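Protein chains in written order, with our numbering: chain X, -2 to 297; chain V, -2 to 297; chain B, -2 to 297; chain R, -2 to 297.
The beta carbon of each residue, even a glycine, is placed where N, CA and C say it ideally should be.
Everything numeric in this text was worked out from a predicted model, so none of it was measured.
There are 4 protein chains.
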Amino acid sequence: MQEIHQPGSYHYAFSRYVEPIARVKPGEVVAIYTQDAFESQLTRESDRPSAILGPYLNPQTGPIYVEGAEPGDTLVVHILDIEPTRDWAVSAFIPFFGGLTSTRFTRTLQDSLPERVWIYKLKDGMLTHSDRLSFPWRPFLGTMATAPDLEAISALTPYDQGGNMDVPDTKPGNILYLPVRVPGAYFFTGDCHAGQGDGELCGVALEITAKATLKFDLIKHQRLDWPRIESQDAYMAVGSARPMEDAARIAYGELITWMMEMGWDRWEAYQALTQIGGLYVGNMVDTTYSLVARIAKQYV
Amino acid sequence: MQEIHQPGSYHYAFSRYVEPIARVKPGEVVAIYTQDAFESQLTRESDRPSAILGPYLNPQTGPIYVEGAEPGDTLVVHILDIEPTRDWAVSAFIPFFGGLTSTRFTRTLQDSLPERVWIYKLKDGMLTHSDRLSFPWRPFLGTMATAPDLEAISALTPYDQGGNMDVPDTKPGNILYLPVRVPGAYFFTGDCHAGQGDGELCGVALEITAKATLKFDLIKHQRLDWPRIESQDAYMAVGSARPMEDAARIAYGELITWMMEMGWDRWEAYQALTQIGGLYVGNMVDTTYSLVARIAKQYV
Amino acid sequence: MQEIHQPGSYHYAFSRYVEPIARVKPGEVVAIYTQDAFESQLTRESDRPSAILGPYLNPQTGPIYVEGAEPGDTLVVHILDIEPTRDWAVSAFIPFFGGLTSTRFTRTLQDSLPERVWIYKLKDGMLTHSDRLSFPWRPFLGTMATAPDLEAISALTPYDQGGNMDVPDTKPGNILYLPVRVPGAYFFTGDCHAGQGDGELCGVALEITAKATLKFDLIKHQRLDWPRIESQDAYMAVGSARPMEDAARIAYGELITWMMEMGWDRWEAYQALTQIGGLYVGNMVDTTYSLVARIAKQYV
Amino acid sequence: MQEIHQPGSYHYAFSRYVEPIARVKPGEVVAIYTQDAFESQLTRESDRPSAILGPYLNPQTGPIYVEGAEPGDTLVVHILDIEPTRDWAVSAFIPFFGGLTSTRFTRTLQDSLPERVWIYKLKDGMLTHSDRLSFPWRPFLGTMATAPDLEAISALTPYDQGGNMDVPDTKPGNILYLPVRVPGAYFFTGDCHAGQGDGELCGVALEITAKATLKFDLIKHQRLDWPRIESQDAYMAVGSARPMEDAARIAYGELITWMMEMGWDRWEAYQALTQIGGLYVGNMVDTTYSLVARIAKQYV
């Protein structure tokens, strides 16, 4: 099995303007090693993020060239397994970043919240900071993307080709579908979360380095507008936008499109999702918000 | 057991300016009969909502005077049971109303979506329109509110005293906590949904008339800023606002307040919800959007 | 000329549930005396708003019954003159209220901005706090509304019948058009601003008590969806909603409707406003935001 | 005077990943030739935009390397003159693009508005389509940007380094200040508008090819967070974000920062802008919205 490490420095943008670090074939299973969102610079609770972190966050492993991928295809990413490559995770309060603080965009004249680093030990399937703060190992890849044809997009951003979605359903056992917009797809991943609540409230989940085992496939000549996820029992679509209602509109709109591709009438799909759809918040902290719309397969 | 029917015409606003229709005592179990959101005016699939419906929608049973309730108290509503009082439910596409259409507020120059009425038969625990559109009976009360001290608020509106929240967790087995702002609380309920997906996408769930069995209690001298819900295994808070991110901020902010009342440190609560909180969309169609933040009791 | 003072206590909601304090005839010129937004409770720079102000703000003079007004009519309010009734104005920073702070809705965990009261002397047509803070007398009525048919709406709220719009164009020389939804219209006004910048940034303009000279007229059988303003050289429409883009959509959408009533083709109006329309922010601080769309009469 | 034409194909992103087409010195006056937003592909009213336009819009002339510019400097762009290079302008209704239609992000199930191309003749200082649609020549550059350090950003996007702001104050006589984030600044411009209303309502102003005469300067070692504009009588800041209230917060927040750099106390600046600030909408149609906050120099 091919093992993919980032050779030298990491990338902080989804971009076609950099050389691929590896090439994979459709059907091939690969192991990808990922850094944590801070490139492992936060290691102790006494660390002050604002003094340590540089301007670039969320380092990505990639781009990975998928052979045969062409613009207009769909890249299929089977998330087979995620293993931790260290025995601790880190969360942090970073000034003017998070869901319950003013930010660079939702700008106010108020002082920032206090900085703070939280270290969790991983043991026996639990991430434990203290008696009160102890949560199960529920890993997923916060960031997976293909490269845009024209832009280079900061690795902090969720967008229509995936990116920093931070939705807990990009987890082992599930399949992520992404649009291909450049030859080779240029796949990136990183930002493994050992666990995360809906919304990623303070902006930083249980960040950990990891080894992700993925299998890539292609659906030739199938254009996709937004990321889709398939689990054993549900179909999902991810919308990323601001304000949050636009992310919701996109997610449900895209799920209707998927249902129509599966033979549904548009109005029946609209009606079905009204009565049985699911809609949760993946992130409410990134440069755009990500929402996941879902329908159980038993209703499709 | 006291049975409460609306005597004569229904109310379409949460208001202290109308006479109570019944009085209940703390600890008393009552049965409340509710109309559907259209006052049962849509009965056939050939009906055209725009020709039939008047300006007032979502009729409420109430106000119900809770003895001993004073401003500054919390009203506790135990939702014991919901039974249908007819064997069918109705959904509808209404012009310029819903989650995937322009509206009176998100105003565009586009034509409306087609009108349409959907009738579902209730039988053997399933609501069935057709082979494809058949969903289980999962009833909840879409609307529950206490009256504002000053305002009279349209029964279509979710707000900080409950209202038309359309969150599926106001269901049998759960407890709703609402602020009391006028003597007697002036409780209203209605809008029973035989089932609903997250977001209530087209704007109209499986609307049905119902008999709701509720028990009221009071927590004296406990001020509440926003509605809270308790289930057997979770604590929840409901935020209602636009844009949707404000509803999310309110919901999580209020849940942190609740956790602090239970002895948590503010920053620990912020951290815990980041890693284990839940956040789903109740409605994305009403005059404000309602989101539910939750934490499982095992982590509190 | 009839002089209208509020007899006894002021009203803090736009509501049909209170008795009119005066009756006026179409064509009649009246003088209305208005309180400031704090009912003149803030008088010194050493005052602390949070210690002094109660839950009700923005007292209104009204309701005023306009004879002959029926639902479906348009109320025409000619703003003839505004005179100050004291020689000072007040502004204030109030905790969690304003455009550059988190609020009750845009909720964060941050501390509030510092409280502060600013007193301005009115002399020689200038409002002067200090050398730096000295601004011309540019008075307008921050709040004007008719009563809803069903609701009672807090006097802090801008909505589709006017309300607390805080748009500087409701000033002497201009005409405000409001929908009538109850017999007699039930007109309210208050919240005179001695001057205000676009957005009313800190949430409190140059608040002053005043005598407003208004003339009322009716346009029978002309329904209106949102407030309109006419100046000597422009037509304007006011949209109030959240998020702010919805207020913008409403304002421009309503202005297109107005142009169509004046004989324009819908698409020509859309095109004309693209090239020559104006769009400014009245308030970015109230419970909904108010934007004003305008077109100069020379282009209509 | 150096004349700068785009050699060969245009650029559709603000990016450091392309070679500069010209080099300028601080203090140098240059003439830059710009394409229209459609690369002059729409020429007749019978044209159908959806059939003619490719995926890339808003071609830019650049990057232009400014000698001596280093990250952390401010680029000063004196807009000296704009001359048309043809005698007609074009506007258009493009499906799912504009301020009064659903879009790719504010996604609905509705049909698009009708497509339409509008050609205006430029003569005697007027742009004239018909008797009704005739507007004065009020040219400005819709798009001006420096390149991000990491990203390549679609030329349709306004952001913190300028971009497709579409604010009418980037016009002759005014000065635009932009942050420098890469050596040489990498300046881009294009999208000349022969005139535009606030908001650019249908999404397409009076698009024209032009010769812009600019003079570049540098302020060394002065970091800037967002674009600023100086006219003869006002200071302005431009915020670009969604939802629109975030753009407003940024614009006013940045203007306060500027006033503080000029010696103001933060709270006095907040107070002054409340009473005398201006706030208008530049665009309500692009990928983010742009608002302009201003204060007249006489109050600073």
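- Message: Quick check on this structure: which residue in R/0, R/15, R/-2 has the alpha carbon closest to the alpha carbon of residue 6 of chain R?
- Response: R/15
- Item | Partners in chain V for residue 132 of chain X, counting only beta-carbon separations shorter than 7 Å | 272, 273
- Would you please state the rounded distance, in angstroms, between the beta carbons of residue 162 of chain R and residue 74 of chain R? I believe it to be under 8 Å. Incorrect: roughly 13 Å between the Cβ atoms, too far for contact.
- Task: Let me know the secondary structure DSSP gives residue 256 of chain X once reduced to three states.
- Result: helix
- Closer than 7 Å, Cβ to Cβ, to anything on chain V: give me those residues from the stretch 88 to 99 of chain R, in chain order. 97, 98, 99
- Task: Output the distance between the C-alpha atoms of residue 46 of chain V and residue 1 of chain X, rounded to the nearest integer angstrom.
- Result: 59 Å
- Alpha carbon to alpha carbon, what distance is there between residue 194 of chain X and residue 248 of chain V? 14 Å
- Message: By the DSSP assignment, the beta strand (DSSP E) with residue 186 of chain X in it spans what residues?
- Response: 184 to 190
- In whole angstroms, what is the alpha-carbon distance linking residue 292 of chain V and residue 159 of chain V? 20 Å
- Buried or exposed: where does residue -2 of chain X fall if 16 or more other Cβ atoms within 10 Å of its Cβ makes it buried? exposed
- Query: What beta strand (DSSP E) runs, 3 residues minimum, are completely inside the stretch 168 to 250 of chain R?
  - Reply: 172 to 176, 184 to 190, 207 to 216, 225 to 227, 231 to 238
- Task: Within its chain, find whatever has a CB closer than 6 Å to the CB of residue 91 of chain X; leave out the 5 residues flanking it on each side and keep chain order.
- Result: 46
- Item | Segment limits, beta strand (DSSP E) that includes residue 0 of chain B | -1 to 1
- Query: Should residue 56 of chain B and residue 183 of chain B be called a contact, given that it needs their Cβ atoms to be closer than 8 Å?
  - Reply: no
- Three-state secondary structure assigned by DSSP to residue 85 of chain R: strand
- Item | Cβ-based burial, residue 4 of chain X [other Cβ within 10 Å; buried from 16] | exposed
- Message: Quick check for students: name the residue ranges of the alpha helix (DSSP H) that lie wholly in the stretch -1 to 75 of chain B, counting only runs of 4 or more.
- Response: 46 to 49
- Query: Residues in the stretch 130 to 155 of chain B with C-beta within 7 Å of chain V's C-beta atoms, listed in sequence order?
  - Reply: 147, 148, 149, 150, 151
- Message: When you compare the stretch 164 to 180 of chain B with the stretch 32 to 48 of chain B, are there three or more beta-carbon pairs, one atom per stretch, that lie closer than 8 Å?
- Response: no
- Message: Using a Cβ-Cβ cutoff of less than 6 Å, which residues in the same chain neighbour residue 226 of chain R once the five nearest sequence positions on both sides are dropped?
- Response: 166, 171, 173, 233
- Closest residue to residue 273 of chain V among X/78, X/99, X/245, X/123 (Cα-Cα distance): X/123
- Report the residues of the stretch 240 to 264 of chain R with a CB closer than 7 Å to any CB of chain X, ordered along the chain. 240, 243, 246, 247, 250, 263
- Under 7 Å Cβ to Cβ from residue 204 of chain B, same chain only, skipping five residues before and after it: list those, please. 33, 34, 35, 86, 87, 88, 190
- Exposed or buried, what is residue 82 of chain V when buried is set at 16 or more other beta-carbons lying within 10 Å of its beta-carbon? exposed
- Looking only at its own chain, which residues have a Cβ that is under 6 Å from the Cβ of residue 84 of chain V, when we skip the five neighbours before and after it? 119
- Task: Taking residue 178 of chain R as the reference, give the member of R/151, R/136, R/221 with the closest Cα.
- Result: R/221
- Query: When the Cα atoms are used, what is the spatial distance from residue 155 of chain B to residue 64 of chain R?
  - Reply: 52 Å
- What do you reckon, are the CB atoms on residue 288 of chain V and residue 244 of chain V nearer than 8 Å? yes
- Neighbouring residues, chain B, relative to residue 238 of chain V (Cβ below 7 Å): 102
- Query: DSSP state of residue 80 of chain X, grouped into three classes?
  - Reply: strand
- Query: Starting from residue 276 of chain V and walking both ways along the beta strand (DSSP E), at which residues does that stretch end?
  - Reply: 275 to 280
- Relative to the C-alpha of residue 78 of chain B, which residue among B/270, B/258, B/229, B/211 is closest? B/211
- Kindly indicate which three-state DSSP category residue 134 of chain B falls into: helix, strand or coil? coil
- Decide if residue 80 of chain B is buried, meaning its Cβ has at least 16 other Cβ atoms within 10 Å, or exposed. exposed
- CA nearest to the CA of residue 208 of chain B, picked from B/101, B/186, B/152: B/186
- Query: For the candidate residues V/240, V/297, V/253, V/258, whose alpha-carbon lies nearest to that of residue 229 of chain V?
  - Reply: V/297
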